[in-house]
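Every letter in the sequence shown is one number past the one before it in this note's numbering, and letter 31, counting from 1, is 31. Let me begin by presenting the structure, written as structure tokens, before commenting on it.
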Amino acid sequence: MKLFEVLDVSVPELGWLEGAPLVLELSAGVTAVEIRLHADEPRSLHIPRARLDLNGVPVPNTQVLVESSSIWSGASNGSGGDSRLTLSLLNGKGGVHTAPELSPWIRMSWNSRVTVNRVLIWNRDDRYRLRNALIEITAHEGGGSVNQLVSMRES
1 MKLFEVLDVS VPELGWLEGA PLVLELSAGV TAVEIRLHAD EPRSLHIPRA
51 RLDLNGVPVP NTQVLVESSS IWSGASNGSG GDSRLTLSLL NGKGGVHTAP
101 ELSPWIRMSW NSRVTVNRVL IWNRDDRYRL RNALIEITAH EGGGSVNQLV
151 SMRES
């Protein structure tokens, strides 16, 4: 099952580094999306805003759990799995900012009774936006299978 049509374009053409959201169309059965940053040295991952949609209508925040591998010590948005973390990311109130580590990740999950068919993810819009150039986004299905949606890693 193909979850996302991989575009044959470079990252700047996607607009990811220039402020446009990355839009991912999902198929049925997906219960989580994970954003991971790969680097050769410790780096932090900061995603300021995301939105989960069902046919163009945002999924209520109360039906989504946001977790992260760590939390930047200066962040005031709670810890992994904390409802403040979910509100911070889905309401665009600072987002989620991990501590520097080798492979930081942010995961948005929902139970199988909730259908999500589109995910929008915004990059930061400051001088540090290039830090997120090498992200990888995967979709996780309820049965445990993992499918790569986007890989912006260098080959």
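Heads up, the beta-carbon is just placed ideally off N, CA and C, and yes, glycines get one too. Quick caveat: nothing in here was measured; it's all calculated off a predicted structure.
Query	Result
Answer with buried or exposed for V146, where buried requires no fewer than 16 other C-beta atoms within 10 angstroms of its C-beta.	exposed
So what does DSSP say about N91, is it helix, strand or coil?	coil
Would you tell me roughly how many angstroms separate the C-alpha atoms of E41 and S68, rounded to the nearest one?	18 angstroms
The beta strand (DSSP E) with W98 in it runs from where to where?	The question names Trp, but residue 98 in the sequence shown is Thr. Here T98 belongs to no beta strand (DSSP E), and DSSP marks it neither H nor E.
Should the stretch 46-62 be regarded as contacting the stretch 119-137, the criterion being three or more beta carbon pairs within less than 8 angstroms?	yes
Among the residues of its own chain, which have a CB less than 6 angstroms from the CB of S112, if the five just before and after it don't count?	T31 and G142
Is the separation between the beta-carbon of D125 and that of P48 shorter than 9 angstroms?	yes
If I measure Cβ to Cβ from T26 and keep anything under 7 angstroms in the same chain, skipping five residues before and after, which residues do I get?	The amino acid occupying residue 26 in the given sequence is Leu; Thr does not appear at that position. So the list reads L3, V116, N117, R118, V119 and A139, once near-sequence residues are dropped.
Of all the beta strand (DSSP E) runs that stay within the bounds of the stretch 12-59, which reach a length of 3 or more residues?	22-25, 30-37 and 49-54
Please name the residue in L22, A20 and R36 whose C-alpha comes closest to that of R107.	R36
What span of residues does the beta strand (DSSP E) with W105 cover, start to end?	W105 to S109
Note down the Cα distance separating E101 from L149, rounded to an integer number of angstroms.	23 angstroms
Buried or exposed for V57, please, with buried defined as at least 16 other CB atoms from any protein chain shown within 10 angstroms of its CB.	exposed
Which residues does DSSP list as the beta-bridge partners of L120?	V23 and R51
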